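Participant: Let me begin by handing over the structure; questions about it come next.
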Amino acid sequence: MMKRFLAYSLSLGAILLLAGCKDKKKEKTAPEGPAKVAVALPEVRTVTLTQSFPGNLQAISEVDIMARVDGVLRVHVPSGSKVRKGELIYSIDDTKYRDAVRQAEASLATAQSNYEYYKKQYAAMQKAMQADAVSEMEVLESRNNLEQSQASIENARAALDEARTMLGYCRITAPFDGTIALQTYDAGSYISGEAAPVKLNTIYNDATVYAYISVPQSRYTQMKQSQLSGELKLDSVKINFSQPMAHEYYSRINYSAPDVSTSTGTVTLRFDIANPYGELKSGMYMNVVLPYAVARDAMIVRDASIGTDQLGKYLYLVNDSNKVVYTPVQVGEIYDDTLRIITGGITPKSRYVTEAMLKVRNGEEVSPQQK
Numbered sequence: 041m042m043k044r045f046l047a048y049s050l051s052l053g054a055i056l057l058l059a060g061c062k063d064k065k066k067e068k069t070a071p072e073g074p075a076k077v078a079v080a081l082p083e084v085r086t087v088t089l090t091q092s093f094p095g096n097l098q099a100i101s102e103v104d105i106m107a108r109v110d111g112v113l114r115v116h117v118p119s120g121s122k123v124r125k126g127e128l129i130y131s132i133d134d135t136k137y138r139d140a141v142r143q144a145e146a147s148l149a150t151a152q153s154n155y156e157y158y159k160k161q162y163a164a165m166q167k168a169m170q171a172d173a174v175s176e177m178e179v180l181e182s183r184n185n186l187e188q189s190q191a192s193i194e195n196a197r198a199a200l201d202e203a204r205t206m207l208g209y210c211r212i213t214a215p216f217d218g219t220i221a222l223q224t225y226d227a228g229s230y231i232s233g234e235a236a237p238v239k240l241n242t243i244y245n246d247a248t249v250y251a252y253i254s255v256p257q258s259r260y261t262q263m264k265q266s267q268l269s270g271e272l273k274l275d276s277v278k279i280n281f282s283q284p285m286a287h288e289y290y291s292r293i294n295y296s297a298p299d300v301s302t303s304t305g306t307v308t309l310r311f312d313i314a315n316p317y318g319e320l321k322s323g324m325y326m327n328v329v330l331p332y333a334v335a336r337d338a339m340i341v342r343d344a345s346i347g348t349d350q351l352g353k354y355l356y357l358v359n360d361s362n363k364v365v366y367t368p369v370q371v372g373e374i375y376d377d378t379l380r381i382i383t384g385g386i387t388p389k390s391r392y393v394t395e396a397m398l399k400v401r402n403g404e405e406v407s408p409q410q411k
């Protein structure tokens with residue numbers, strides 16, 4: 041009898057133990073309530089709309105340095121040097137051209153001397169003719185000699201000017217303050233520049249550089265209207281580069297093309313950018329962050345919270361019953377890289393899901409956590 045009682049007690053204990061385990065398992069798997077989701081209200085504010093346009097930089101002045109004479113080259117400044125206006129950059133052996141100047145000076149002096157002689161002779165012939173001492177033919181011959189000597193002076197002066205010009209070409213100086221590029225010819229090279237000018241280098245005036253961009257006609261018109269209305273100011277436009285610079289750069293429009301390109305439908309704009317640190321180089325690519333309009337009382341949401349499907353753009357809203365509502369929206373411009381203007385579909389009091397969008401579904405009850 042005792043054995044049966046013990047067996048019954050053990051069986052009852054096992055049943056109670058199993059029941060307890062099942063109850064604990066049920067407690068662990070029981071739902072914890074609605075899922076927590078992060079929500080936010082749209083920001084409502086007045087914003088300046090911008091768009092980035094790619095372009096490239098160009099030095100404000102860019103001039104090729106040419107050799108126009110023959111001779112051995114001397115280099116006075118190394119490649120990449122900063123030079124001042126009038127500074128000697130190259131010289132070419134000028135012996136030949138100095139000799140030519142001396143010869144031209146001598147020819148001019150001879151022509152002037154001959155002119156003085158024939159001038160006196162002609163005056164004397166005129167007096168002699170009045171006394172019938174010479175014939176009219178002799179007087180005419182004397183005047184012809186005087187005229188020819190005068191023409192010889194003009195020719196000699198022209199030859200001297202040309203000789204001096206060629207001699208001047210032997211010294212090549214900087215036409216403005218700037219930076220010279222890589223040398224095309226080394227010192228000691230023989231240059232043959234008389235037959236055809238030879239390019240020695242290029243000098244860049246990069247104290248200020250230009251930035252050129254092409255803007256669609258519609259965007260340009262929008263920008264001008266906003267500017268003329270006084271809503272928009274373009275005195276300080278941001279310039280961005282693919283690689284971060286040590287300094288930030290801003291500019292203003294200093295030129296707008298008078299026509300619209302018929303091939304691209306764009307207007308060319310030019311910005312001037314001060315380059316005090318020498319970081320900016322002609323040919324560099326950049327982006328101009330161009331303001332073009334002002335949106336007042338714009339509703340702004342996080343762009344990452346906007347979904348896209350076959351019907352278009354949508355947000356997940358959370359209504360007053362804390363249920364998720366799939367809501368199609370009309371979107372405007374990107375603002376400040378991570379935000380998006382919403383033009384329709386929500387109100388300033390609409391709570392939208394900002395995180396875990398893939399984990400919620402339309403009609404689901406959630407526990408909104410406003411951030």
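The opening residue of the sequence shown carries number 41 in the working numbering; numbering runs sequentially from there. C-beta: ideal position from N, C-alpha, C; glycine also. All figures in this text were calculated on a predicted structure; none of them were measured in a lab.
1) Round the Cβ separation of A338 and V87 to the nearest angstrom and send it over; I've been treating them as touching at under 8 Å.
2) What is the DSSP secondary structure of D349, counted as helix, strand or coil?
3) For I374, which residues in the same chain have their Cβ closer than 7 Å to its Cβ, ignoring the five residues on either side in sequence?
4) In whole angstroms, what is the alpha-carbon distance linking H205 and F93?
5) Whose C-beta lies closer than 8 Å to the C-beta of I293 among residues of the same chain, with five residues either side of it excluded?
6) Taking the alpha helix (DSSP H) that G208 falls in, what are its first and last residues?
7) Among the residues of its own chain, which have a CB less than 7 Å from the CB of Q91, if the five just before and after it don't count?
8) How should R44 be labelled, buried or exposed, when 16 other C-beta atoms within 10 angstroms of its C-beta is the threshold for buried?
9) When burial is assigned at 16 or more other CB atoms within 10 Å of the CB, is A196 buried or exposed?
10) Taking the continuous beta strand (DSSP E) assigned at V79, which residues delimit it?
11) What is the residue span of the beta strand (DSSP E) that D226 lies within?
12) For T383, decide whether its Cβ has a neighbour in chain C, counting only Cβ atoms nearer than 7 Å.
13) Going by other Cβ atoms of all chains shown within 10 Å of its Cβ, with 16 needed for buried, is R138 buried or exposed?
14) Sort out for me which residues DSSP pairs L148 with in a bridge.
15) Inspect the beta-carbon positions of A144 and A203 and report whether they are closer than 7 Å.
16) Within this structure, are the beta carbons of N241 and I220 separated by less than 7 Å?
17) Contact check, V328 vs I386 under 8 Å by CB: the rounded distance?
18) Mind reading off the beta-carbon distance from P408 to V84? Whole number of angstroms is fine, and I expect it under 8 Å.
19) How many Å lie between G233 and I132 at the Cα?
20) Look at the Cβ atom of Y356, then the Cβ atom of V364, and state whether they are nearer than 7 Å.
21) So who's on the other strand from D172, going by DSSP bridges?
22) Quick one: residues in its chain with C-beta nearer than 6 Å to the C-beta of Q410, no 5 flanking neighbours on either side, listed in chain order?
Facilitator: Short version:
1) Sure, about 5 Å apart at Cβ, within 8 Å.
2) Residue state, collapsed to three classes: strand.
3) Cβ neighbours of I374 beyond the five flanking positions: D343 and R380.
4) One point to set straight first is that residue 205 is Thr, not His, in the sequence displayed. Cα atoms of T205 and F93: separation of roughly 47 Å, rounded to the nearest angstrom.
5) Same-chain partners within the cutoff: L274, V277, L309, R310 and F311.
6) Here the alpha helix (DSSP H) through G208 covers E176 to G208.
7) Closer than 7 Å at the Cβ level, and outside the excluded window around Q91, lie R259, L330 and Y332.
8) Summary for R44: the model assigns pLDDT 49, below 50, so the residue's position carries little reliability, and this model does not support an answer.
9) By the neighbour-count rule (16 or more Cβ atoms within 10 Å), A196 is buried.
10) Where V79 is concerned, the enclosing beta strand (DSSP E) stretches over A75 to A80.
11) Where D226 is concerned, there is no enclosing beta strand (DSSP E), given that its DSSP letter is neither H nor E.
12) In the structure shown, chain C does not exist; there is a single protein chain.
13) Per the 10 Å Cβ criterion, exposed.
14) Per DSSP, L148 has no beta-bridge partner at all.
15) Cβ distance < 7 Å, so A144 and A203 count as in contact.
16) Yes.
17) By a beta-carbon distance limit of 8 Å, V328 does not contact I386. Their separation comes to about 32 Å.
18) Your pair P408 and V84 does not check out as a contact, with CB atoms roughly 20 Å apart and the cut at 8 Å.
19) When rounded, the distance between both Cα atoms is 10 Å.
20) Taking 7 Å as the cut-off, the Cβ atoms of Y356 and V364 count as close.
21) Checking the DSSP bridge columns, you'll see D172 has no partner listed.
22) Result list for Q410: V79, in chain order.
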